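Residue numbers (the numbering used here): 577 to 1601.
Just so it is clear, CB atoms sit at the ideal spot from N, CA and C, and this is done for glycine as well.
Bear in mind that the values here come from a model prediction, so they are computed numbers and not experimental data.
As structure tokens, then:
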């Protein structure tokens, strides 16, 4: 914000006020149409690279408005309609199997990780022809069958389900995706439709000179195909979205005296969004595989699923009711405003996530692993072992797990198959404000204000809000009740976590999700001083400070409370009784809780501006803007695995180097036979991958939750270790604490020059240098902006401040310019001012405009996805050399775009420290980054450490765009005008490249594979009358 917020407007600094036009004593209106199509727009940069045609598009945005009197001088109307019809054929790519892979033939070059045509070390060209890398240890391409080696998975899936899925998947045509040899991309034009209609009507009525009222009504409808659960392949079905919105507002204005004005306002809105899955269409479920008539969705491990599986049918309805009143009073040098507002917020939604069971293909709970298809049995398979085994589990139909959700419904609650989860959330808000704009002197105005905001604790209308007994203390389970009880194996200060219903309408009406926080006072202070020096009224100083509170979105409440174990159950822990205590043998679900003492997040804003009027109608100002977000919402998983106090880290490192760890003998002795526990985990395909790639966090998580027989978590239990040997709350896979854990800061220098319209032209120019830092922007803010809450795990739960970084919204430099120029032809202008009517209409009324934007790239950082410390994959490399912050530049090459052209991907030195026993070192895919001279500068973090590089150390590609428009106004008669316009978005067709692949272990490290910003031309016509 560049100026303090008026105390009348709180709820965050970003304020948008929409004003609807009113009718007058004369009829006025317009008709318009904005048109786009495939021919007018430029092609995408990567389409051009591949020789593909432009994405199909036809779009029309059309409508009209009409306003005028119903009763002259008393009652007026203003009506609008706008429609949009958009049809696109967007290029999309899905991963599919190659012809040989479908036959069970896995191809690879010995000791080289397969890489597509865009990889740093490709094993295919753009046409899919094998390319032998120089680093391959063997001469020829190897082609092996995955069948006939593992007696548990000897051949193709006998049910025929997998062959049916394969038949619906086209053969690949884009070898820039997948591994190139066994999987690749299928790129095609996916049809999408978007239809939108907007209707609005406003009525104004003048009761008398002192009293006026107005009412507005808006209705919106939206329908879309393939914007939800979109088709992965042409023969697949796609989902749809339908939405309706109804908005109503009423305002009554009363002039109580010449110096006193009162305004009462009331409004309501109801937005309903329905997400339809493909199988909801007529006959849709018949297309799903089924067992004895019960449908399910199989989930492949190596290729895109022909049946979209990552979402389910759902609906969200969000009613809102608002009532408020304000009084505006002028008294001497004071302009005083005070008032208040009440808001009744609600959300009525259902979701059916995983109500149709998912069958995930994989190894399953088989401690034998996959036999005969590993690095020991097949020399050179090494870094491709996991892919070969996944191909086998996919084609053989090997089931890893079956997951189905049963939701509690009815009174009393009971789990019922096929029933969706239903939640109706309610929340009450209230605010008061007082603002005084005090004109101390003609040249000095002081702004003083105070706002109070109360946000009630949400509750579920049917009494189904779920919380924990003991609130957030219950997250720590048998270990204790606070963060002080973490990382202490065997600690027994707590009790089993229990879920209970809380809030209004529940058996515990006096227990809330968290304690209400009524102390939300927000001051506003500002001043404006016309400095009497250097010319009267030429220089103005403005300064301000304000505080604003941000309510937590109801979708955050739904995520935290609505998904508690006990209100839903799944096949990994099946219970007949809702709210039954989850046993220590479950370890598959996630439990949530708000901090018992959750506070309302708030933001402080301060600014200082000096503005100077310059000759020629130009104003120039310099601004400093600062913002601090405090007590922002973020979630931490207190079930971070412990690898230190229990000896797992030392055993892991010993086993990596070829030693024998007694701890692993104790854990895995029952499976290893005569071999040691260390030898067993080096040979077992699942744990071998962890050891080969420094994934000690995943290794500990596997030990904690692995199933032996039908019992999860049995490994440490059978070895005699305490239940909380690895995690603080062993009942659950994750235990999420949501509280005021995050903070942020923003500082900016802004330079603005504004040339007011005169002599036919105007110009606005802005430069901003800024810096945004913090652990996170806050979950409440994300939920407001992005819909679904995105929860990040900390890289190190023991030192959460390690995640302080440049935030995603940070941009170091932003340069914006915009201008308008009227061509000097026709009546009233320099040239042809005395021309006749025909010539005047032809040459007059031309206007051109332009917008020039240049932005720094968004913050990015090198990544590893190695779980070297805990379960999170958001790890970074460890810096061992010099990596300038300026590293990275878009460079176009013959087969695409690279960003780190001066960096090389080499084998991580840590691989040389791995033992060759059980082919462990051959299975490693760890890479390091070297500079142009070959000196290694970044490596994967060692087990037990977190990468030293910041998560956002570098910047992505800059963004440059120049937009222009050309407008022609043709007067028809005195009150009628035809406007013809062309808008040229990104006129120079400069591609806006997306961020590169920053995972140093990826074969596609440094590659940019997507871009936007292709030139768009919009032609429009408007008739104003």
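Candidates the options, of which the one nearest residue i by Cα
i, options, result
"residue 1330", "1338, 1513 and 1233", "1338"
"residue 677", "1485, 966 and 1044", "966"
"residue 1243", "1022, 943 and 893", "943"
"residue 1495", "1470, 1256 and 1222", "1256"
"residue 839", "847, 1580, 849 and 826", "826"
"residue 1423", "814, 1544, 1555 and 1286", "1544"
"residue 1393", "1538, 1477 and 846", "1538"
"residue 1486", "1497, 1478 and 1477", "1497"
"residue 876", "855, 974 and 753", "974"
"residue 1054", "1214, 611, 1207 and 977", "1214"
"residue 1441", "1178, 1515 and 1091", "1515"
"residue 1583", "1475, 761 and 1520", "1475"
"residue 601", "780, 946, 1431 and 627", "780"
"residue 856", "769, 831 and 887", "887"
"residue 741", "808, 1531, 703 and 666", "808"
"residue 1071", "1300, 657 and 698", "1300"
"residue 1031", "1044, 1176, 992 and 970", "1176"
"residue 1140", "1164, 596, 1128 and 1023", "1164"
Extent of the continuous beta strand (DSSP E) to which residue i belongs
i, result
"residue 718", "718-721"
"residue 796", "787-801"
"residue 773", "759-782"
"residue 1031", "1020-1031"
Residue i versus residue j: straight-line alpha-carbon distance, rounded
i, j, result
"residue 1107", "residue 1445", "58 Å"
"residue 980", "residue 994", "10 Å"
"residue 1264", "residue 951", "10 Å"
"residue 1578", "residue 956", "19 Å"
"residue 789", "residue 764", "55 Å"
"residue 1288", "residue 1159", "10 Å"
"residue 1592", "residue 617", "5 Å"
"residue 920", "residue 823", "15 Å"
"residue 1309", "residue 849", "32 Å"
"residue 1360", "residue 1068", "Low per-residue confidence applies at residue 1360: pLDDT is 42, beneath 50, and the placement is therefore not dependable enough to give any value."
"residue 1131", "residue 913", "34 Å"
"residue 1373", "residue 1379", "10 Å"
"residue 1344", "residue 1323", "10 Å"
"residue 890", "residue 664", "25 Å"
"residue 1124", "residue 594", "21 Å"
"residue 606", "residue 641", "5 Å"
"residue 1418", "residue 1407", "13 Å"
"residue 895", "residue 820", "12 Å"
"residue 1183", "residue 1079", "42 Å"
"residue 880", "residue 737", "15 Å"
"residue 1351", "residue 1064", "26 Å"
Endpoints, the alpha helix (DSSP H) within which residue i is located
i, result
"residue 976", "Premise fails: residue 976 lies in the beta strand (DSSP E), 975-979, not in any alpha helix (DSSP H)."
"residue 969", "961-972"
"residue 1375", "Neither: residue 1375 is in no alpha helix (DSSP H) and is coded neither H nor E."
"residue 683", "It is not in any alpha helix (DSSP H) - residue 683 instead sits in the beta strand (DSSP E) that spans 681-684."
"residue 601", "Neither: residue 601 is in no alpha helix (DSSP H) and is coded neither H nor E."
"residue 738", "737-743"
"residue 1280", "1272-1281"
- [ ] Any chance you could list the alpha helix (DSSP H) runs of at least 4 consecutive residues sitting entirely within the stretch 1203-1253, in chain order?
- [x] Qualifying alpha helix (DSSP H) stretches, in chain order: 1224-1232 and 1238-1248.
Open item on the list: Quick check: the stretch 1131-1142 against the stretch 1167-1182, are at least 3 beta-carbon pairs closer than 8 Å?
Closed with: Between the stretch 1167-1182 and the stretch 1131-1142 there are three or more C-beta pairs closer than 8 Å, enough to call the two in contact.
- [ ] Just list the beta strand (DSSP E) runs in the stretch 1071-1152, keeping only unbroken ones of 3 residues or longer that don't cross its boundaries, in chain order.
- [x] Counting only runs that start and end inside the stretch 1071-1152, the beta strand (DSSP E) elements of at least 3 residues fall at 1075-1078, 1097-1107, 1115-1125 and 1144-1146.
Open item on the list: Quick check on the DSSP output: what are the complete alpha helix (DSSP H) runs of length 4 or more inside the stretch 1437-1480, in order along the chain?
Closed with: DSSP runs (the alpha helix (DSSP H)) wholly in the stretch 1437-1480: none.
Task: Cβ contact check for the stretch 633-653 and the stretch 727-743: 3 or more pairs under 8 Å - done: Judged by Cβ distances under 8 Å, the stretch 633-653 makes no contact with the stretch 727-743, as fewer than three pairs qualify.
Open item on the list: Across the stretch 1184-1192 and the stretch 1231-1242, are there enough close Cβ pairs to call them in contact, namely three or more that are closer than 8 Å?
Closed with: No, because fewer than three Cβ pairs between the stretch 1184-1192 and the stretch 1231-1242 fall closer than 8 Å, the two stretches do not touch.
Open item on the list: Using 8 Å as the cut-off, can you tell me whether the stretch 1505-1514 makes contact with the stretch 711-726, which would need three or more C-beta pairs spanning the two stretches below that distance?
Closed with: Taking 8 Å as the limit for Cβ pairs, the verdict is that the stretch 711-726 does not touch the stretch 1505-1514.
Task: Touch test, the stretch 999-1012 against the stretch 897-916, Cβ-Cβ under 8 Å, three pairs minimum - done: Under the 8 Å Cβ criterion, the stretch 999-1012 counts as touching the stretch 897-916, having at least three qualifying pairs.
Open item on the list: Three Cβ pairs or more, each shorter than 8 Å: is that satisfied between the stretch 1056-1065 and the stretch 1080-1097?
Closed with: Taking 8 Å as the limit for Cβ pairs, the verdict is that the stretch 1080-1097 does not touch the stretch 1056-1065.
Open item on the list: Across the stretch 794-805 and the stretch 864-874, are there enough close Cβ pairs to call them in contact, namely three or more that are closer than 8 Å?
Closed with: Cβ pair count under 8 Å is below three, so no.
Open item on the list: Is it the case that the stretch 1025-1044 contacts the stretch 927-944, given that we only count it when at least three CB pairs across the two stretches are under 8 Å?
Closed with: Counting Cβ pairs under 8 Å, fewer than three are found: no touch.
Task: Within the stretch 1412-1438, ranges of the beta strand (DSSP E) (whole runs, at least 3 residues) - done: The qualifying runs are 1422-1431.
Task: Touch test, the stretch 1549-1567 against the stretch 1478-1485, Cβ-Cβ under 8 Å, three pairs minimum - done: Contact between the stretch 1549-1567 and the stretch 1478-1485 is absent, with fewer than three C-beta pairs closer than 8 Å.
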